[in-house]
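Trainee: One structure, pasted below without further comment.
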Amino acid sequence: MKTTLKIFLHTLPVLLMIGLIPLVLNDYLLTAIFFFISAAGLLIAGKHDFLAFVVGLIGMTIAEYLFVSTGVETFERQTLFGVMPLWLPVLWGYGFVTIKRITAILSTVT
577 MKTTLKIFLH TLPVLLMIGL IPLVLNDYLL TAIFFFISAA GLLIAGKHDF LAFVVGLIGM
637 TIAEYLFVST GVETFERQTL FGVMPLWLPV LWGYGFVTIK RITAILSTVT
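Residue numbers (our numbering): 577 to 686.
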């Protein structure tokens, strides 16, 4: 399979999640959907994919909280700690998995 197609296929879950944000207004439902998409994507997990997910989920929750607390960025949907959407860390977590997988693909390109 061509490198570009592989990369595109790995970005599809993240693109789907982003596309659902304006369509699903209930943050709790959207978080559940994001966890379902992430779990489905992790069924084909490579080495350390789950670790990448957890690092992204926890690390970016902390980073986003600190960043939002500066007042530079704000969210209209504030269901997590009163500052950000509940689904955002899940999106970040799977984003880390996607970045890891794409990096692995690119490392094989000669």
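Beta carbons: idealized from backbone N, C-alpha and C, even for Gly.
Just how far apart, CA to CA, sit Ile-689 and His-586?
Mentor: In the structure as shown, the chain begins at 577 and stops at 686. Residue 689 is therefore absent and cannot be evaluated.
Trainee: If Leu-606 and Leu-618 are in contact, beta carbons under 8 Å, what's the gap, nearest whole angstrom?
Mentor: Position 30 of the sequence shown, counted from the start, is the residue given in the question as residue 606. Position 42 of the sequence shown, counted from the start, is the residue given in the question as residue 618. Not a contact, Cβ separation roughly 18 Å.
Trainee: For Val-644, collect the residues of the same chain with a Cβ closer than 8 Å to its Cβ; drop the 5 residues on either side in sequence, then sort them by chain order.
Mentor: Locating residue 644 in the sequence shown gives position 68, counting from the first residue. Answer for Val-644: Thr-650, Phe-651, Val-659 and Met-660, listed in chain order.
Trainee: Alpha helix (DSSP H) containing Ile-664: first to last residue?
Mentor: For this step, residue 664 is matched to residue 88 along the sequence shown. Per the sequence presented here, residue 664 reads as Leu, with Ile not at that position. Its alpha helix (DSSP H) spans residues 664-683.
Trainee: In chain order, which continuous runs of the alpha helix (DSSP H) of length 4 or greater are located wholly inside the segment 614-666?
Mentor: DSSP runs (the alpha helix (DSSP H)) wholly in the segment 614-666: 625-645.
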